[in-house]
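Asks:
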Amino acid sequence: MKHGLSHIWIMLTPFFVISILTGSIAVNAKTGFDPRAMLKVITVWPWPLWLKYTMLAAIAGGTLWIICNPFAWFHGKNEYGGAHWAKKKELKKKHKKGGHGLLGKTGLIIGVYRKGLRRYFLRIAEPLSVLIHAGPGTGKTAGVIIPALLSCEHSAVIHDSKGEIHDLTHHYRGQWTKVIRFAPGEPESARWNPLAATELPKLRKGAVVGSEAWTRWWEQVEIVVERIGVSLLPNDKADQTDHWTQSARAMWTFWCLMDIYENSESSVPAVLDRALMGDRQISIEKALMEHEDDPHLPSRVFKEGTRFRDMEQKQFDSVTSTFEAKLQVYLSGTVARNVSSSDFSIRELRREPTTIYVVIKEADQERLKGLISAFFEQCALVLKEEIPNLPKDSFWARIKRGLGMERGKVYDQRITYFLDEFVRLARMDEVLTIPDTGRGYGMSAIFVAQSIHQLAAIYGDKRARQLLDTCSYRIVYSQSDQQVCNEISKAIGNQTRIKKTRQQNRATITGGSTSEVSEGVPLILPQDIGTLEVKRRGRCLIIKSGLASIPVDAEGAFWFKYNEFKRLINDKKAQKAERQAMAAEQEKRDAEPLETAEEIALNKATSLANEAKGKAEAARVAHKEAVKILNATREIAEEDDTDAVRAALDKAVAVADELNEVAEETEKEAKEAKKQMDAAAVAVQVASSLNASPQDQA
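Counting the sequence shown from 1 gives a position; this note's numbering is that position plus 1.
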């Protein structure tokens, strides 16, 4: 009944208000301005008597109704929940003003919104992060990753697990960005060394000078080395307190810091060469003895080295075996070559538009996931060293750029990470902070995972929930996990629905009565989230943080369905330009002079010298072990002087003498190889001076 009265009042109010306003205007026109004209409308104007009393009754009744129930107009509208599907005006409203901000003219395309026969690309113009929930076969790569990358107007880093993204987009991206393909498991890959001087923190000049500046720089280096160690030696569990993995990381930290302290940079193969050569514990002792009188040796290096030097042999062997097992992949030729030096620097992403494709074949995914994780972690760390100089997005700033008033002004590049199937990589704690802290540095990320349970298995429930809370947008495709469907449906909330009930009574004239009751029902049921694709192909939900009750009913922007993307991917001009660039690069390589005979001899002599040096070291270690056995046998012989013991003693002496001879021979070979190397070096120097121009000689 109360709903019926409310509806009647709402229907009659406009009629009476218009009537009173019309009459007021007429009275003022007839009698001049009168502040009481609104009251005189009813009494002065010649209304029919029945209408006059009807108006008085309506005004009195309406006033009384409003006084008794001031919320009558809004009663029942959102009584049990106000969830509803986003409308066009809500999508157009900017992010800063509390809207979705998805209908701009620029930005990353993440989906399509349809209204009638028209369709609109949904774009994210600001550096805001996205989390995509998508199961296998839902088209997340073709529907989100590729369209977003094609519409990205700044630097980008892509985790391309199949190479598909690179093959489809590098032609277009290569027209205006520098394209780098980092595939560490392939011979033709670009090379990247995480411990190169170009990737380590810079020793900055400023107010802090001298030893204090160096100390601060070294602290940053220690942080970088530790983060790389966490990625290269993963634990693959949410609990990161495994003793042997922690100890192996400490060994990594010691050798890395020692090598960086001595050479200002290092590499993974160089660290392994030092850590796994000869007697590992003796190598640590020698490294510490070389800096015994060095007052500047960092305390972290000394403490870690002393700890491993004094460790029990059995425990040390277990730590070393863990260290070697997790890093043995970097001993292979292809991988070792690709991480021994660098063809590019991560800092290039800021300086100029750059696209880095991190391509990993399915067969290499498990063994190289630590290296790929280290790469993304290093990107997140290095690119947060300084606040970038980014172009402002204000109204006047856009006008200035449009008028060419900022021509010649150089800005830093924004960076977007496309992390498809990132849960297959090792733990990346720094990358997970991008949604929370990256906006101030012009960084954003698109994370793709099948469900939150995948995240929790690696990062734990707390970190997984934190990622959900900090990402500005969530894109949900069809889900097979019922628990995830329930959580998403609950997060969206209920809508208020009016339920009509009709009771029939044939004894009355009207035949029954109708009653209305408000009730709350989910805007979308959990089972509907599990079957989003049944209604239409590629259907998805876009949920904005803070506006979960107003989700967007959208669909994937599949590149093969829209001419805007197909033209970019199948751009014949771009493919022709790429072929010309490859041909020019091949001509450049062909034009490069081959190695001279002297250089070949030097390389061969150096290789022989290193090999001989390694053999000599191994022979010396074996001789020391034989001497230990000989001394132990002599002690036994002094206590038990029998024929068997004397025979064992004679055999031990013979073995020790033989090993001593081997050590002396290998030492001679090493010295001879060193002489050959020095002679080859002199020959190269002489040949270079003869071939140099007079100006160069001067």
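Even glycine gets a Cβ: it sits at the ideal position worked out from N, Cα and C.
Could you give the distance in angstroms between the alpha-carbon of G102 and the alpha-carbon of A84?
Replies: Along the sequence shown, one-based indexing puts residue 102 at 101. Along the sequence shown, one-based indexing puts residue 84 at 83. Rounded to whole angstroms, G102 to A84 spans 18 Å at the Cα level.
Asks: Given this structure, state the Cα-to-Cα distance separating N564 from Y81, to the nearest angstrom.
Replies: Locating residue 564 in the sequence shown gives position 563, counting from the first residue. Locating residue 81 in the sequence shown gives position 80, counting from the first residue. For N564 and Y81, the distance between alpha carbons rounds to 44 Å.
Asks: Identify whether I530 lies in helix, strand or coil by the three-state DSSP scheme.
Replies: Residue mapping note: residue 530 aligns to position 529 of the sequence shown, counting from 1. Correct three-state label for I530: helix.
Asks: Taking the C-alpha atoms as reference points, what is the distance between F419 and P436?
Replies: Taking the first residue of the sequence shown as 1, we reach residue 419 at position 418. Taking the first residue of the sequence shown as 1, we reach residue 436 at position 435. The alpha-carbon atoms of F419 and P436 are separated by roughly 13 Å.
Asks: How many Å lie between F345 and D572 at the Cα?
Replies: To locate residue 345, count along the sequence shown from 1; it is residue 344. To locate residue 572, count along the sequence shown from 1; it is residue 571. When rounded, the distance between both Cα atoms is 27 Å.
Asks: Are at least three pairs of beta-carbons, each pair with one atom in the stretch 424 to 442 and one in the stretch 466 to 477, less than 8 Å apart?
Replies: Yes, since at least three Cβ pairs between the stretch 424 to 442 and the stretch 466 to 477 fall closer than 8 Å, the two stretches touch.
Asks: Output needed for K370: all residues of its chain with C-beta closer than 6 Å, excluding positions within five of it in sequence on either side, in chain order.
Replies: Reading the sequence shown from its first residue, position 369 is the one you call residue 370. Correct list, in chain order: L426 and A427.
Asks: Could you compute how far the alpha carbon of S248 sits from the alpha carbon of V320?
Replies: Looking up residue 248 in the sequence shown gives position 247. Looking up residue 320 in the sequence shown gives position 319. When rounded, the distance between both Cα atoms is 6 Å.
Asks: Could you tell me the alpha carbon to alpha carbon distance between R217 and G138, rounded to whole angstroms?
Replies: To locate residue 217, count along the sequence shown from 1; it is residue 216. To locate residue 138, count along the sequence shown from 1; it is residue 137. About 49 Å.
Asks: The beta strand (DSSP E) with G112 in it runs from where to where?
Replies: In the sequence shown, the residue the question calls residue 112 occupies position 111. Element bounds for G112: L109 to K116.
Asks: Taking the alpha carbon of L382 as the point to measure from, which residue in R368, I229, I530 and I447 has its own alpha carbon closest?
Replies: To locate residue 382, count along the sequence shown from 1; it is residue 381. Measuring from the Cα of L382, the nearest candidate turns out to be I229.
Asks: CB-CB under 7 Å to R301, same chain, minus the five flanking residues each way: which ones, in chain order?
Replies: Translated into positions along the sequence shown, residue 301 becomes position 300. Around R301: E223 and L258.
Asks: Would you call the stretch 145 to 154 in contact with the stretch 489 to 502, where contact means no fewer than 3 C-beta pairs closer than 8 Å?
Replies: Flag = no, the stretch 145 to 154 and the stretch 489 to 502 do not touch.
Asks: Let me check one thing: in DSSP terms, what residues is V1 bridge-paired to?
Replies: Within the shown structure, residues of the chain are numbered from 2 to 699, placing residue 1 beyond reach of any answer.
Asks: Alpha carbon to alpha carbon, what distance is there between S519 and G112?
Replies: Taking the first residue of the sequence shown as position 1, residue 112 is located at position 111. Taking the first residue of the sequence shown as position 1, residue 519 is located at position 518. Answer to the nearest angstrom: the Cα atoms are 34 Å apart.
Asks: So, for S490: in the same chain, excluding its five sequence neighbours on each side, which residues have a beta-carbon less than 7 Å away from its beta-carbon?
Replies: Mapped onto the sequence shown, residue 490 falls at position 489. Result list for S490: P523, I525, L526, P527 and I530, in chain order.
Asks: Nearest CA to the CA of T199: which residue from E349, P389 and T515?
Replies: Sequence index remark: in the sequence shown, residue 199 carries index 198 (1-based). Comparing Cα positions, the closest option is E349.
Asks: CB I133 to CB Y442, shorter than 9 Å?
Replies: For the purposes of this step, residue 133 is taken as residue 132 along the sequence shown, with counting starting at 1. For the purposes of this step, residue 442 is taken as residue 441 along the sequence shown, with counting starting at 1. Not a contact, by the Cβ cut-off of 9 Å.
Asks: Suppose you measure from the CA of I166 to the CA of A457; what does that come to, to the nearest Å?
Replies: Mapped onto the sequence shown, residue 166 falls at position 165. Mapped onto the sequence shown, residue 457 falls at position 456. Between I166 and A457, the C-alpha separation is close to 27 Å.
Asks: Based on DSSP bridge pairs, tell me the residues matched to I181.
Replies: Residue mapping note: residue 181 aligns to position 180 of the sequence shown, counting from 1. Partner(s): I357.
Asks: Looking only at DSSP bridge pairs, what is H134 linked to?
Replies: Residue 134 sits at position 133 when you count from the first residue of the sequence shown. DSSP lists A450 and V477 as partners of H134.
Asks: How close, in whole Å, do the beta carbons of L277 and A375 come, if the pair is a contact with beta carbons under 8 Å?
Replies: Counted from its first residue, the sequence shown places residue 277 at position 276. Counted from its first residue, the sequence shown places residue 375 at position 374. About 19 Å separates the two Cβ atoms, so there is no contact after all.
Asks: Along the chain, where does the beta strand (DSSP E) that runs through T1 open and close?
Replies: This structure cannot speak to residue 1, because the chain is shown only from 2 to 699.
Asks: Which residue comes first and which comes last in the alpha helix (DSSP H) that contains H718?
Replies: No information on residue 718 is available, as it lies outside the stretch 2 to 699 that the chain covers here.
Asks: Using C-beta distances below 7 Å, list every residue in its chain close to P128, excluding the 5 sequence neighbours before and after it, in chain order.
Replies: To locate residue 128, count along the sequence shown from 1; it is residue 127. Excluding positions up to five away in sequence, the list reads R415, G439, R440, G443, M444 and S445.
Asks: Quick one: what does DSSP say D462 is sitting in, helix, strand or coil?
Replies: Within the sequence shown, residue 462 is the residue found at index 461, counting from 1. Note: D462 maps to helix in three-state DSSP.
Asks: Could you tell me the alpha carbon to alpha carbon distance between E293 and D311, rounded to whole angstroms?
Replies: Against the sequence shown, residue 293 aligns to sequence position 292. Against the sequence shown, residue 311 aligns to sequence position 310. Approximately 16 Å between the Cα atoms of the pair.
Asks: Quick check: what's the CA-CA separation for I159 versus P299?
Replies: Position 158 of the sequence shown, counted from the start, is the residue given in the question as residue 159. Position 298 of the sequence shown, counted from the start, is the residue given in the question as residue 299. Approximately 37 Å between the Cα atoms of the pair.
Asks: Quick one, which of K163, G186, I373 and Y173 has its alpha-carbon nearest V231's?
Replies: For the purposes of this step, residue 231 is identified with residue 230 of the sequence shown, where counting begins at 1. For V231, the nearest C-alpha among the options comes from I373.
Asks: Give me the residue from G140, L109, D421 and L548 with the minimum Cα distance to K98.
Replies: Within the sequence shown, numbered from 1, the residue matching residue 98 stands at position 97. Residue L548 is the option with its Cα nearest to K98.
Asks: Output the distance between the C-alpha atoms of V210 and E386, rounded to the nearest integer angstrom.
Replies: Within the sequence shown, the letter at position 209 stands for residue 210. Within the sequence shown, the letter at position 385 stands for residue 386. For V210, the predicted structure reports a pLDDT of 48, less than 50, and the residue's modelled location is therefore unreliable. A value from the coordinates is still provided. Near 18 Å, if we compare the C-alpha coordinates of E386 and V210.
Asks: Do you know offhand how far D318's Cα is from D430's?
Replies: Taking the first residue of the sequence shown as position 1, residue 318 is located at position 317. Taking the first residue of the sequence shown as position 1, residue 430 is located at position 429. For D318 and D430, the distance between alpha carbons rounds to 30 Å.
Asks: From the DSSP output, in three-state form, read off V411 for me.
Replies: For the purposes of this step, residue 411 is taken as the residue at position 410 of the sequence shown. V411: coil per DSSP, three-state reduction.
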